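Q: Below you will find the structure I want to go over with you.
4 protein chains.
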Amino acid sequence: MTATGSDVALRRLYDDLAAESLMPLWTVRGDLMPAAPQPAAVPHVWRWADVHPLARRAGDLVPVGRGGERRAIAYANPGCKGEPYATPTLWAAVQYLGPREVAPAHRHTQSAFRFVLEGEGTWTVVDGDPVAMRRGDLLLTAGWRWHEHHNTADAPMAWLDGLDIPLVGALDAGFFQYGPDELTDRSTPELSRNERLWGHPGLRPVGAEVPRTSPLMAYRWAHTDAALAAQLELADAGHPGAVGPGHAAVRFTNPATGGDALVTLRMELHRLAAGASSAPGSDGAGARRVGSSVWQVFAGDGTVHLDGEPMAVGPGDVVAVPSWCPLRLAAGGGGLDVFTFSDAPVYEALALAAPEGAPS
Amino acid sequence: MTATGSDVALRRLYDDLAAESLMPLWTVRGDLMPAAPQPAAVPHVWRWADVHPLARRAGDLVPVGRGGERRAIAYANPGCKGEPYATPTLWAAVQYLGPREVAPAHRHTQSAFRFVLEGEGTWTVVDGDPVAMRRGDLLLTAGWRWHEHHNTADAPMAWLDGLDIPLVGALDAGFFQYGPDELTDRSTPELSRNERLWGHPGLRPVGAEVPRTSPLMAYRWAHTDAALAAQLELADAGHPGAVGPGHAAVRFTNPATGGDALVTLRMELHRLAAGASSAPGSDGAGARRVGSSVWQVFAGDGTVHLDGEPMAVGPGDVVAVPSWCPLRLAAGGGGLDVFTFSDAPVYEALALAAPEGAPS
Amino acid sequence: MTATGSDVALRRLYDDLAAESLMPLWTVRGDLMPAAPQPAAVPHVWRWADVHPLARRAGDLVPVGRGGERRAIAYANPGCKGEPYATPTLWAAVQYLGPREVAPAHRHTQSAFRFVLEGEGTWTVVDGDPVAMRRGDLLLTAGWRWHEHHNTADAPMAWLDGLDIPLVGALDAGFFQYGPDELTDRSTPELSRNERLWGHPGLRPVGAEVPRTSPLMAYRWAHTDAALAAQLELADAGHPGAVGPGHAAVRFTNPATGGDALVTLRMELHRLAAGASSAPGSDGAGARRVGSSVWQVFAGDGTVHLDGEPMAVGPGDVVAVPSWCPLRLAAGGGGLDVFTFSDAPVYEALALAAPEGAPS
Amino acid sequence: MTATGSDVALRRLYDDLAAESLMPLWTVRGDLMPAAPQPAAVPHVWRWADVHPLARRAGDLVPVGRGGERRAIAYANPGCKGEPYATPTLWAAVQYLGPREVAPAHRHTQSAFRFVLEGEGTWTVVDGDPVAMRRGDLLLTAGWRWHEHHNTADAPMAWLDGLDIPLVGALDAGFFQYGPDELTDRSTPELSRNERLWGHPGLRPVGAEVPRTSPLMAYRWAHTDAALAAQLELADAGHPGAVGPGHAAVRFTNPATGGDALVTLRMELHRLAAGASSAPGSDGAGARRVGSSVWQVFAGDGTVHLDGEPMAVGPGDVVAVPSWCPLRLAAGGGGLDVFTFSDAPVYEALALAAPEGAPS
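Chains A, B, C and D supply the protein sequences, listed in that same order. Oh and the first sequence: position 72 is 72 in the numbering used here, straight run, nothing missing. Oh and the second sequence: position 246 is 1246 in the numbering used here, straight run, nothing missing. Oh and the third sequence: position 292 is 2292 in the numbering used here, straight run, nothing missing. Oh and the fourth sequence: position 185 is 3185 in the numbering used here, straight run, nothing missing.
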């Protein structure tokens, strides 16, 4: 569009608009509505070899306590200038709890989970239910549930925290409340009460309440591992059920609905057999998708291709994948187990998939 | 209503109506629309001590084969004159398979399950997936899936079959098809493929298809037993989750949706601790309900109160509970485990619960 | 299956089974589970020229009053021996109300509607809301709502009543209650309150309660007619939206959900242009369907093909179509408007469609 | 939290974290997770008397054409520095089309509507269906539908555009495509085809496709006005259905589902009788809500209370209400009609309501 009036008249119009808190579309339309998503976030890999020592140093220097609340170090996407966000919707952080250390209770409407890369001996107490945290486990803290952590071991423990903090922030929807300063429960049961009620395949406790988010709050590695192993065995024997050849994946779901375990976050574990590669277009691991995701290598090694760029990855490495960025995973000789979480349920709920005819 | 015309004129009208396949409402209204449900079906108890010997005699006299298809003996409600139905919507039968015996493949749109009272060594092959049947297991055969059975043991085996035959019959909705006369699969895997894909708590195989009915087709006793035990322990410790004091119950659900495992049938297992009793109004076991159910004692002994009438029951005994008939269960000294199935999902789908202000 | 034991032993077994209220499957399997639906109900046509005079005679001879409740004459399918049912799930009746006559209030859990073939001047009062009844209107009385009728005109009035009485009866789910003997409301507003709240296209009253069944209880002919006319015009102009060439149809829906107006009944009005015919397989009017339906010609004339058999039909004629019976409609020279109701929502809710591979 | 290490060590840690694109939670926790929403957006009122002349000046100076696409002037919330957004999720703009002017076709995944404050003579062509725009009408352009506008009148026309541009931008989910430069359809039918198919209360065209968003794309003022008038009349007569005393409201919904007309936006029209006031807590107009909204006075005058601050408003004035900001509307002597749109469906889909125990 070219101005037909004089430049002077036009400049005066723009000034007058600005004075009234108005802004012309035609000067910004292209940026507002690009032909395809142009995220500020960039594809990025953080190395566990870099991150872990820094977490340990924080453990030495910074106590856990009221106000700061958690010794969590956020993966801050270099494209999201100054924001501690892995992607525009996802928070990812390594949380570090020293031997015998305790994190006090609080609650918030942001949804959270923990995925344990290594170690054990910590319990997270969610609404009064103590949940053991061990290697490979996924533990949930749905919105507005009280939670506190205590490490009963003599060794520090580190895990991945995932939350929808950026999304809830962009939507101005967050509430936060402090709980008691003292730990409310120091018991250390093998199994949490929610698992004892809800952790039996296909069985629903008839008398239990069914909340909107998953009443099951712990997904144990033994189950995850067995499910992935079975998929690959079945695929090898020519049966359906895996994502693709040499590619198994499980989604962590709400047993009361079959839907995602948290309303705003999707969590999955993908396993690639030695030498296998996630096919482009396979669910959650190969396709270009509208919406972003974070991946953490749990075991094995391989290569992650971000927009065609190969990066070698190993245990603990974290990868941020912005919206519409092509992703492919390839396993090395020992196979590759990767945990991932994404904002996919948000886009499904809001019907924000790529339209027909979108650039592929 | 009293006729104002002469009786003759009225009789002539009724004859003329009948001749035109018409029928006056006012002469039948009370029967058509009673104040509360008046089922033809009656409360009834069948004794395992009576049923089992008859099944064995049938095993000696009647072969399993094409046409009759299954050596199944139906629990025929004495109120449903001449119909082999446990209730107006539910079919229940004891199926008996001799040593090394085989039942050939067929499929039908009626939904079916098997619940195993005792024994092991039989496999049911559902759409090509062999499923082991053992004591306490619930096995599904959703509508229109090929299925055949083979007993690999030297002992006969008997189990409870439940189907929606009467409902599907009343709705003129049944289709039936014969499969091959010869057994299609004689393998005897410990775990069926559907369990290996779907039998992990809260874990969904990302690449698997999700049918309308439960993709999980076997619910093992070990899981059921553990879930019930946990509920009672939690209740003893003052935590929620059980149906009531000393009363635990699990529902067998579709892990992909959290809903009932079959679209038209609800299956549950209830456990009453020694001396406990299902409270009136507790879910599925004490209330008067619109819709009918069948119960089979799995273990222990106790008393079933049908419309106030107490009947002692023990393992294998089967109870039919018509619509709107009050039911209460009471455990004897050894506790009581009872399997049940009902038509509850039908009434929920059709919004046919008792209305507000119904006679209580 | 042939008995291996002696006939005597077998006969004794069958006697012993019968004595214990047990019944062998293998002797009845074919009837219980036919290859395709074999309804007792038959295709049938009732002529308005036969029915209407009989209704008038009933008007002279039988008063409306407590007990009988309504002067309704049921279309009784000749195949359903002795039952006043149009099909195994559907009740259809002509209701006849004399000049100034009144039908007292009652309520029942059975769902009901009225479709007005001709006349006006009657109001049905539903839960205290007086609803005018006029030619071509569809009026709802969802389950458990009080309703009474009063004819304010000097002429009698007749309409079609449709209910799910047989279905609710087969499910032992009916409750019935008498209201006051005297009419509760004699007002005669043009528009009922429910229409004033809910009868605006696409507009939902923010402050109104949303019941499970349609809050809109009157569908006026002017709207129905306009919608059908528009579909045919659009089809003529090459635009989509009609069912097929010369075939328009509207479904009466719950504006709060978009689903069927009643939970158990689907109501539609079909219009065929002069000379047009419902194509086999077109929605609701040509295909063989699992489930049954009733059709009443509202205007025009034509031919209904029932399982290939052509029958000429005109205004007021009623047709019963059993499950799985092929149906085709063909309009005469003046076009054909047909009202229909069916049990389709029941079969959709219970996933009881014809399976893949069903005989076609 | 106070650092236990020396300040130097801590500063070095923070520097090293930053170098690795990591960020400590404990230094930013309070801002990230406030006790209640602290939106950057502020409550704001734009006066029609200010906005309209500027739109007219833009009409003189700036042509409509390819690239800029539309002569739309965005209401830019003073709190959202530099962003042309009314709130963090909602775009609102006045669009101005001169006599005989044309805006070329494009499509985008962002959802859009137009609400017409005054004038007529413009048609918007949506996926080939020309839709007349007149005073009080709401017109939809769901995501990824081609649309173009043409003004057939000799007078300019201005309307309110609402879109989810900020939300879709924050989610990196937008796609945009240019259509042909020339207008594709210059016809000017009274009623669009979508209205002829879907604009009949409670009637669903059996043969029409049902998209995810509303198939009805025009909501005419005559219907809206009648619905609001009826609510107030019913309330005056003591019947339910209005939001509160003197307060009527309709929501624009998808007739195929009863849900919001657009997946991400809720549109409503509220009418307050002379002297009436929206009660605190009444739906959509009085309560503090998580999520934001925009309101435009359509007719009448009154006062809007934003966080307790009263502001007189009249026709055309636009109000932005950030998340968690209390709002109350009060009508002047002539009553008050206010159109509003909000992001409420997003928060409902994502379960992001205010939690129990939130500060009230």
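Backbone N, C-alpha and C fix where the C-beta goes; we use that ideal spot for every residue, glycine too. Only a predicted model underlies this, so the values are computations on that prediction, with no experimental measurement involved.
Between the segment 3318-3335 of chain D and the segment 3076-3095 of chain D, can you find at least three pairs of beta-carbon atoms closer than 8 Å?
A: Touching, yes, given that three or more Cβ pairs across the two stretches are closer than 8 Å.
Q: So, with DSSP's three-state summary, where would you put arginine 3288 (chain D)?
A: Looking at arginine 3288 (chain D) - three-state DSSP - the assignment turns out to be coil, as it is neither helix nor strand.
Q: Report yes or no: is there a C-beta of chain D within less than 8 Å of the C-beta of histidine 52 (chain A)?
A: Judged by the 8 Å Cβ criterion, histidine 52 (chain A) is not in contact with chain D.
Q: Can you find the residues in the same chain that come closer than 6 Å, C-beta to C-beta, to alanine 3003 (chain D), ignoring five residues on each side of it along the sequence?
A: Residue placement at alanine 3003 (chain D) is poorly supported in this model, since its pLDDT is 49, which falls under 50; the coordinates still yield a value, given next. These residues qualify, in order along the chain: Leu3010.
Q: Grab me the residues of proline 19 (chain A)'s own chain with a C-beta within less than 7 Å of its C-beta, minus the 5 sequence neighbours each way, in chain order.
A: The sequence shown places alanine at residue 19 (chain A), rather than the proline named in the question. Once the five neighbours on either side are set aside, alanine 19 (chain A) has no close Cβ partner at all.
Q: Tell me whether valine 1126 (chain B) is buried or exposed, calling it buried when 16 or more other Cβ atoms sit within 10 Å of its Cβ.
A: Classification for valine 1126 (chain B): buried.
Q: Please go through the same chain and pick out, in chain order, the residues whose beta-carbon is closer than 6 Å to the beta-carbon of phenylalanine 298 (chain A), but skip the five residues on each side of it.
A: If we look at phenylalanine 298 (chain A) and ignore the five residues flanking it on each side, its Cβ neighbours are Asp337, Phe339.
Q: Would you kindly report the start and end of the unbroken beta strand (DSSP E) that includes glycine 1162 (chain B)?
A: Its beta strand (DSSP E) spans residues 1157-1163.
Q: Measure the Cβ-Cβ separation of arginine 3029 (chain D) and glutamate 69 (chain A) and say whether it is below 8 Å.
A: Yes. Within cutoff.
Q: When you compare the CB positions of phenylalanine 2115 (chain C) and leucine 2097 (chain C), do they come within less than 8 Å of one another, or not?
A: Contact: no.
Q: Inspect the CB distances between the segment 3219-3227 of chain D and the segment 3167-3183 of chain D and report whether three or more fall short of 8 Å.
A: Segments in contact, no.
Q: Comparing alpha-carbon positions, which option in C:Ala2235, C:Arg2134, C:Leu2327, C:Asn2254 lies nearest glycine 2244 (chain C)?
A: The option with the nearest alpha carbon to glycine 2244 (chain C) is C:Ala2235.
Q: Just the C-alpha distance for proline 3156 (chain D) and alanine 2261 (chain C), rounded to the nearest angstrom, thanks.
A: Their backbone Cα atoms lie some 44 Å apart in a straight line.
Q: Is the shortest distance between the beta-carbon of glycine 3246 (chain D) and the beta-carbons of chain C less than 8 Å?
A: For glycine 3246 (chain D), the answer is no, since every Cβ of chain C falls outside 8 Å of its Cβ.
Q: Could you name the residues of the same chain whose beta carbon sits closer than 6 Å to that of glutamate 2309 (chain C), not counting the 5 residues immediately before and after it, in chain order?
A: Taken in chain order, the list of residues that qualify is empty.
Q: Check whether the segment 3145-3164 of chain D and the segment 3191-3199 of chain D touch, using three or more Cβ-Cβ pairs below 8 Å as the test.
A: Touching, no, given that fewer than three Cβ pairs across the two stretches are closer than 8 Å.
Q: Grouping DSSP H, G and I as helix and E and B as strand, with all else coil, what is threonine 1141 (chain B)?
A: Residue state, collapsed to three classes: strand.
Q: Pick helix, strand or coil for histidine 2270 (chain C), following the three-state DSSP scheme.
A: Three-state DSSP puts histidine 2270 (chain C) in a strand.
Q: Within 10 angstroms of the Cβ of proline 2130 (chain C), are there 16 or more other Cβ atoms? Answer buried if so, exposed if not.
A: Buried, since its Cβ has 16 or more Cβ neighbours within 10 Å.
Q: If we count the other Cβ atoms within 10 Å of its Cβ and call it buried at 16 or more, is alanine 229 (chain A) buried or exposed?
A: Burial call: exposed.
Q: Considering only heavy atoms of the ligand ADP, does any lie closer than 7 Å to the CB of alanine 1227 (chain B)?
A: Questions concerning the ligand ADP fall outside what the structure shown contains, since it holds no ligand whatsoever.
Q: So for alanine 1036 (chain B), helix, strand or coil by DSSP?
A: If DSSP states are grouped into helix, strand and coil, alanine 1036 (chain B) belongs with coil.
Q: Strictly by DSSP, which residues pair up with tyrosine 3096 (chain D)?
A: In DSSP, tyrosine 3096 (chain D) forms a bridge with D:Ala3158.
Q: Just to confirm, are alanine 2331 (chain C) and alanine 2273 (chain C) a CB contact at a threshold of 8 Å?
A: Going by C-beta atoms, alanine 2331 (chain C) is nearer than 8 Å to alanine 2273 (chain C).
Q: Assign histidine 149 (chain A) to one of three DSSP states: helix, strand, or coil.
A: Residue state, collapsed to three classes: strand.
Q: Keeping to the same chain, check which residues put their C-beta closer than 6 Å to that of proline 1039 (chain B); ignore five residues upstream and five downstream.
A: These residues qualify, in order along the chain: Pro1322, Ser1323.
Q: Could you pull out every unbroken beta strand (DSSP E) segment of at least 3 residues lying fully inside the segment 182-217 of chain A, listed in chain order?
A: Entirely contained in the segment 182-217 of chain A, the beta strand (DSSP E) runs reaching 3 residues are, in chain order, 203-205.
Q: Can you check whether the CB of leucine 3329 (chain D) is closer than 8 Å to the CB of serine 3277 (chain D)?
A: Cβ atoms of serine 3277 (chain D) and leucine 3329 (chain D): closer than 8 Å.
Q: Below 8 Å on C-beta distance, what does histidine 2200 (chain C) contact in chain B?
A: Result: empty, since nearest Cβ-Cβ is about 26 Å, beyond 8 Å.
Q: So for histidine 3239 (chain D), helix, strand or coil by DSSP?
A: It is coil, neither helix nor strand.
Q: Could you work out which residue in A:Leu183, A:Pro166, A:Ala105 is closest to histidine 147 (chain A) when comparing CA atoms only?
A: Out of A:Leu183, A:Pro166, A:Ala105, A:Ala105 has the C-alpha closest to the C-alpha of histidine 147 (chain A).
Q: So, at 6 Å on beta carbons, what are the nonlocal neighbours of leucine 361 (chain A) in its own chain, with the 5 sequence-adjacent residues on each side left out?
A: A question about residue 361 (chain A) goes unanswered here, because the residues of chain A that appear run from 1 up to 360.
Q: Taking 6 Å as the limit between beta carbons, can you name the residues of its chain near lysine 3081 (chain D), skipping five residues before and five after?
A: So no residue of the chain qualifies.
Q: Check the DSSP bridge columns for aspartate 3337 (chain D) and list the partner residues they point to.
A: DSSP, once it has assigned bridges, lists D:Arg3271, D:Ala3299 as partnering aspartate 3337 (chain D).
Q: Arginine 1196 (chain B) touches chain A at which residues, Cβ-Cβ below 7 Å?
A: Result: Ala230, Leu234.
Q: Name the DSSP bridge partner or partners of leucine 2260 (chain C)?
A: Here the sequence assigns aspartate to residue 2260 (chain C), which means leucine is not the residue at that position. Paired residues: C:Thr2253.
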